[in-house]
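Student:
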Amino acid sequence: MSVLVDAGTKVVVQGITGHQGTVHTRQMKLFGTAVVAGVTPGKAGSTVEGTPVFDSVRDAVERTGANASCIFVPAPYAQDALLESVDAGIRLAVIVTEHIPFHDMLVMYHYARSRGARIIGPNCPGIAAPGTAKVGITPNVVFRPGRVGVISRSGTLTYEIVNGIKEHGLGQSTCIGLGGDPVVGTSFVDALPLFEADPDTDLVVLVGEIGGTAEEDAADYIRQHFSKPVVAYIAGRSAPPGKRMGHAGAIISRGRGTAATKVAALEAAGATVARFPYEIPDLVAAALRDGARR
Amino acid sequence: MSVLVDAGTKVVVQGITGHQGTVHTRQMKLFGTAVVAGVTPGKAGSTVEGTPVFDSVRDAVERTGANASCIFVPAPYAQDALLESVDAGIRLAVIVTEHIPFHDMLVMYHYARSRGARIIGPNCPGIAAPGTAKVGITPNVVFRPGRVGVISRSGTLTYEIVNGIKEHGLGQSTCIGLGGDPVVGTSFVDALPLFEADPDTDLVVLVGEIGGTAEEDAADYIRQHFSKPVVAYIAGRSAPPGKRMGHAGAIISRGRGTAATKVAALEAAGATVARFPYEIPDLVAAALRDGARR
Amino acid sequence: MVKLAEWRGKDVFRTYGVPLPKGHVARSAEEAEQLVRAGTVPLPCVIKAQVLAGGRGKGGAVQFAGTPAEVRAAAAAILGLEFKGERVKELLLEEKLPIARELYLALTLDRAARMPMLIVSAQGGVEIESVPDEQIVRLPIDPFPGLTGYQKRRAAKVLGLSGGPAKALDRLLDALWAAFDGEDAELVEINPLAVVGDGLVALDAKVIIEDDAAFRHPQYAEIRDDRTPLEEIAREKEIAFVQLDGNIGVIANGAGLTMATLDVLAEYGGRPGVFLDLGGTDDPAKVTEAFLLMARAKPRAVFLNIFGGVTRCDTVAKGLVEAMRQVPASERFPLVARIRGNNEAEGIEILRAAGITSIPQLRESAQAAVAAAGGRP
Amino acid sequence: MVKLAEWRGKDVFRTYGVPLPKGHVARSAEEAEQLVRAGTVPLPCVIKAQVLAGGRGKGGAVQFAGTPAEVRAAAAAILGLEFKGERVKELLLEEKLPIARELYLALTLDRAARMPMLIVSAQGGVEIESVPDEQIVRLPIDPFPGLTGYQKRRAAKVLGLSGGPAKALDRLLDALWAAFDGEDAELVEINPLAVVGDGLVALDAKVIIEDDAAFRHPQYAEIRDDRTPLEEIAREKEIAFVQLDGNIGVIANGAGLTMATLDVLAEYGGRPGVFLDLGGTDDPAKVTEAFLLMARAKPRAVFLNIFGGVTRCDTVAKGLVEAMRQVPASERFPLVARIRGNNEAEGIEILRAAGITSIPQLRESAQAAVAAAGGRP
């Protein structure tokens, strides 16, 4: 089993005729994902990487049974693309697009929520369940089927860590890259219950960053509701306050969201916190040997 | 048992210091309802009919544990009052106020829904469960505890019919007046499942009107999901098209929502349809003798 | 509801940026001629009666003219018309445009979904009721976030528009949505919406504003195109009052009870001519006012059917007795009363003291009312 | 993010109807004096340095003046200041008002709730960080339906306002909400908000606009108050680039990996001075451009840490080799490279051909970078 995606996942790629849309359609297919449709208004009838293109998500869903969307459309049109997919019945949308105004994302989040749809992202790598399916842009080479769940606010750092887990001889059940924006559709607190319920996940690696309080909230959740071992890492320990560290969400302001508060909260919740990414594989292996956190 | 209200219902009256608010606070109390608080901004500290008045629903909920609201505030302020009550944690709001613009009601409906709150009304008599509680303005004298559920789009006509049931020697489990506006928080289709699940309701009287397709939708629901006997009546059989018959929702336009289509749909669904209000008590008594509709 | 005449609807459209033909209102044939002579309205032009009923084209209420003299003649002819019961007092003169296609667009309310609904059809220029259902597409619009880009693209596809006209539709739909939302409309309809060259033009405008939102839109309070004089007075007094084609006046409280009363009267051969809904009041003066208004409608008989809830029976009885005292003998009418519910005993006693009997059963009282009006039984 | 100077923030406020003191910007002492002589700014007045840092009052960057001569002197004094690293180039002159109380208001984002948040405190006029938490009230605002009446009443209660000032607050909050929403702001803050007679006046304005919404607000593109010159160039080239106080240049891809790299460097005594996030690119020219920009920052050493995903290792290697070719010998810097992930082998081979060794382990490569910059180990 896996989290959020399974053998029945059928992906529609919104913005499939763009460069990124095309490249990652190919990569998703190489990962073994059923990419059944693409959408670009005005391009109906063409194909991309052998996948039929439609004018609207509604057409794509009606004709192919697509049930998950991967969104690559440029930021000014991303809100419309998400609303369209939700309205067409899609209940899982991975938004890869970066630089979406957070005011737009507020609309998207609340609209999706009112319809029972889940957003991963924006500005995120998406979901990869080795051996099952991938919705997003994580590089195929870093994965290997296994029993470690990964939830991360980072992109490339996640690949680095996932690759480290693989090189250590372990593998992943599902990896979810949540994205580093201030407003994300799915946060750690939203994702943790999925892994708690997943019988094929034995442990979760949680990769956080400075900024916001998502990791503190995750710590609260872990303390109260999460039974599996957690290995965590927080990037940005040495980042100065007031400087935006690439991710719009990664900024320490007004003394909130520092690495120190996050590490302390996670440790208090019983998580093992790595000081550096390269420590993670050993800590994971050790925690797996020790078994359940409680 | 009863529907929507029970022994734990604690009512806050919004607009309690207005004339209607005061009169009906008294009537609700006489019915045996726990009216625990009133709200009128700027009037905190006073009392109405022995009930303490607060400046905000939030204060009222915090101080009295109110869990249902009865809204009498004038139409221009009704939207704000409803949002306030939902935001304060109220999950059942009866809106008595009439002449609320439907554009406002759209906002209210979707906001309440997103928070899991239920609206009855607007422009409605509200809920009365004889022997339990009343939230609204139905006259106390027409009720008597019993096993007949009543759902109605009308006001006074409901009292007439409920009174007829009483005079026939029967009584009501719960009576819900949904209101006659084009946009209502709870429609027949929303209310029927509550009565289906209520072990103390043996039969439902459904009082409809011309206009809209709420009765046709109810008929669909009854046919597919409702097991108890239904006695229905549709007011406005002789009303001419294009004339608004008092209720903003009661208008036949473009040939939709006529009494004939509603009666036909309900009869096809297995309901007994009365031609006149005064036929209802006999039909109810007969249906109760015959038992379950299927 | 306030139904706006075409020219008023187009004024609303103009405010929100819906593209319109060049045009102007005229209230006399002279004025019409002057408008085209001054070039305010280009020739050739269309002259349209400003009435609320549909079907103007077939009914001679829309004419075309190519010269000032023709304009004057057509205007004079139309101003003389009585169209489906409305006398034509105003004309709208508009340039005649080279129309490629006629489409249909409307925004109204989808009650079941509790959402506004966009209605789109490529079959414009005819009454929408006559268009087969499969050629009409209805799109619910969530008020949050409002009309979206993909819905506009869908509408363009349904209408068979691409390129320039599709872009024009995108802008036009934003304007139409803003008008619907901003004016608290029940209906905004463009039929036909014309494809003219690379753009779109609203040839007609049907706008209905919701009464209940009047507190936000005082500018519509003056418009009374769609009411009889008595209905207008009733509206000012905030009494729900409808005039139908019949001779029995009905005073009841509550819309449902009023309709049920009409149904019973009709069953026994009565023809309800006026109905007046007291609603929920506990002021006897309001009841008196309502009765006096009813008297002005000159019914053959009046049937009072009250079930006391918010409105108590004694309140109604008091108001009624006072009204009967004020109505001149020459205008009196037979009265059949039925009052039940809250304070029933007190109300019956007040009526009895004034010589009026309350018949408790709806059927029997309705039959008595029909008889009083001179019908059977 | 675009932080607006006070006067720019007040221009935004003015557009949306937030009440402000009478005032005007001056860029010289002469201009300042002229503004008060002409009556554009009434006397007595306040003269405020237009810098982005807080704490201007204590730092001498805000002064009061009662005569034109005093205005000139104060303006000259402030224009000479260097305030927390910013040179004062602009002044805002404003009338001095009779202030009854100073309050605090702000709208920003509540990330956890995914809603805007209204922040209210009766303790205005001091930095909000110094106000005890129990004196600050935070109200989440659902974007649908937006700021509501009951939230505004709550805010008035928290601020201890009633009567005229409460009515003024109601209007002001609507204006502030419209500004926050309409301008895609990250923050709109009024501190202090002054009670003046029966009304309210925004004495200060702090407005931060979101970069990502620039496509809707081209007017903010010109504002560069808060960036170093190199950061400005990077912004134009759409390269994420931050200058810190240190000497190792870091080029990585992805925000998280960049931060992790800083953390590792810091652990081994390195001081990262510039970091540059390549993000996701597959254009070698973009990589070259980034390297040339890095060269202009004159780092002691550069650490390249790439994990290939969207950005492939060979792309980076090609761009890097080209950049090293273009950098003049005098500006060369020691380079430590670590490239992993997609097309790793190809990338390593390209680097090897150019004489650059990739160290596969993060720890070892970071240690090498620190050593190259002349630190330990």
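Protein chains in written order, with the numbering used here: chain D, 862 to 1155; chain S, 862 to 1155; chain Z, 7 to 383; chain W, 7 to 383. Just so it is clear, CB atoms sit at the ideal spot from N, CA and C, and this is done for glycine as well. Given the structure is predicted, the values throughout are model-derived calculations rather than measurements.
Measure from the C-beta of L967/D to each C-beta in chain Z and report whether the shortest distance is under 8 Å.
Tutor: By this cut-off, L967/D is not an interface position.
Student: Based on Cα-Cα distance, which residue from P104/Z, D190/Z, P305/Z lies nearest to V202/Z?
Tutor: That would be P104/Z, whose Cα lies nearest to the Cα of V202/Z.
Student: Using a Cβ-Cβ cutoff of 9 Å, what residues of the region 1056 to 1088 of chain S are near chain W? List them in chain order.
Tutor: Against chain W - using a Cβ distance shorter than 9 Å - the region 1056 to 1088 of chain S contributes no residues.
Student: For a cutoff of 8 Å on Cβ pairs, would you count E242/Z as touching chain S?
Tutor: Judged by the 8 Å Cβ criterion, E242/Z is not in contact with chain S.
Student: Taking DSSP as the reference, what is the three-state secondary structure of C985/D?
Tutor: C985/D: coil per DSSP, three-state reduction.
Student: Taking 8 Å as the CB-CB cut-off, is D941/D touching chain Z?
Tutor: Chain Z contact via Cβ: present.
Student: Using only CA atoms, which one of A44/W, K324/W, E337/W, D210/W lies nearest to G60/W?
Tutor: Of the listed residues, the one whose Cα sits closest to G60/W is D210/W.
Student: Residues bridged to Y1094/S by DSSP?
Tutor: According to DSSP, Y1094/S bridges with V1068/S, A1135/S.
Student: Classify Q367/Z as buried or exposed, calling it buried when 16 or more other Cβ atoms lie within 10 Å of its own Cβ.
Tutor: Label assigned to Q367/Z: exposed.
Student: Against D176/W, what residues of chain D qualify as contacts under a CB-to-CB distance less than 9 Å, listed in chain order?
Tutor: Those do not exist, as D176/W stays about 23 Å from chain D at its closest Cβ, beyond 9 Å.
Student: So, A55/Z versus L97/Z, is the Cβ gap smaller than 8 Å?
Tutor: In this structure, L97/Z lies closer than 8 Å to A55/Z by Cβ.
Student: For Q129/Z, name the three-state secondary structure that DSSP assigns.
Tutor: Q129/Z falls in the coil class under three-state DSSP.
Student: For the pair the region 41 to 53 of chain W and the region 344 to 351 of chain Z, tell me if three or more CB-CB distances fall below 8 Å.
Tutor: Judged by Cβ distances under 8 Å, the region 41 to 53 of chain W makes no contact with the region 344 to 351 of chain Z, as fewer than three pairs qualify.
Student: Quick check: the Cα distance between P937/S and L943/S, rounded to an integer number of angstroms?
Tutor: Cα-Cα distance, rounded: 12 Å.
Student: Can a CB atom of chain D be found closer than 8 Å to the CB of R385/Z?
Tutor: An answer regarding residue 385/Z cannot be provided, because it is not within the stretch 7 to 383 covered by chain Z.
Student: Give the list of continuous beta strand (DSSP E) stretches no shorter than 3 residues that lie fully inside the region 38 to 124 of chain Z.
Tutor: Listed in chain order, they are 51 to 55, 68 to 71, 97 to 101, 107 to 116.
Student: Here's the rule I'm using: 16 or more other beta-carbon atoms within 10 Å means buried, otherwise exposed. How should P278/Z be labelled?
Tutor: Classification of P278/Z: buried, given that the 10 Å Cβ count is 16 or more.
Student: Using three-state DSSP, classify F386/Z as helix, strand or coil.
Tutor: As shown, chain Z starts at 7 and ends at 383. That puts residue 386/Z outside it, with no answer to give.
Student: Starting from A379/W, trace the alpha helix (DSSP H) in both directions and tell me its first and last residue.
Tutor: It is not in any alpha helix (DSSP H) - A379/W carries neither H nor E in the DSSP assignment.
Student: Taking just the CA atoms, how far does E195/Z sit from V1044/S?
Tutor: Distance between the alpha carbons of V1044/S and E195/Z is about 20 Å.
Student: Is the beta carbon of D269/Z less than 8 Å from the beta carbon of F1049/S?
Tutor: No; because the gap between Cβ atoms is not below 8 Å, this pair is not in contact.
Student: With a cut-off of 8 Å, does the C-beta of E101/Z fall near any C-beta of chain A?
Tutor: Judged by its chain identifiers, the structure shown contains no chain A, and its protein chains are D, S, Z and W.
Student: Ordered along the chain, which non-local residues of its own chain (more than five positions away) have a Cβ less than 6 Å from that of Y1082/S?
Tutor: Taken in chain order, the residues that qualify are V1050, L1053.
Student: Do the CB positions of P171/W and I147/W come within less than 8 Å of each other?
Tutor: It is not a contact, given that the beta carbons lie outside the stated cut-off.
Student: Relative to chain S, which residues along the region 212 to 223 of chain Z have a C-beta separation below 8 Å, given in chain order?
Tutor: Those residues of the region 212 to 223 of chain Z that come within reach of chain S (Cβ to Cβ, closer than 8 Å) are E216, D217, D218, A219, F221, R222.
Student: Out of A1100/D, P962/D, A1129/D, T1062/D, point me to the one whose CA is closest to D1078/D's CA.
Tutor: Answer by Cα proximity: A1129/D.
Student: Name the one or two DSSP bridge partners that G899/D has.
Tutor: For G899/D, which the question treats as bridged, DSSP gives the partners V874/D, V914/D.
Student: Under 8 Å, do I84/W and V94/W count as touching if we go by C-beta distance?
Tutor: In contact: I84/W and V94/W (Cβ atoms closer than 8 Å).
Student: Assuming G997/D contacts A990/D (C-beta within less than 8 Å), just tell me the rounded distance between them.
Tutor: With a Cβ gap of about 11 Å, G997/D and A990/D do not count as contacting.
Student: With distances taken between CB atoms, is the gap from D867/D to T1074/D smaller than 8 Å?
Tutor: Cβ distance not < 8 Å, so D867/D and T1074/D don't count as in contact.
Student: Tell me whether the beta-carbon of V207/W lies closer than 8 Å to the beta-carbon of G275/W.
Tutor: Not in contact: V207/W and G275/W (Cβ atoms no closer than 8 Å).
Student: Please confirm if Y970/S has its CB atom under 8 Å from at least one CB of chain W.
Tutor: Chain W, which has no Cβ nearer than 8 Å to the Cβ of Y970/S, makes this no.
Student: Who are the near neighbours of S127/W in its chain, counting only those whose CB is closer than 6 Å to its CB and skipping five residues on each side?
Tutor: Cβ neighbours of S127/W beyond the five flanking positions: Y110, V137, Q141, I142.
Student: Counting along the chain, where does the beta strand (DSSP E) carrying A258/W start and finish?
Tutor: Element bounds for A258/W: 254 to 258.
Student: My understanding is that E945/D touches V914/D, with C-beta atoms under 8 Å, so please give their C-beta distance in whole angstroms.
Tutor: Actually they are not in contact, since the Cβ atoms of E945/D and V914/D sit about 15 Å apart, beyond 8 Å.
Student: Please confirm whether V8/W and A185/W have their CB atoms less than 8 Å apart.
Tutor: Result no, Cβ atoms of V8/W and A185/W do not sit closer than 8 Å.
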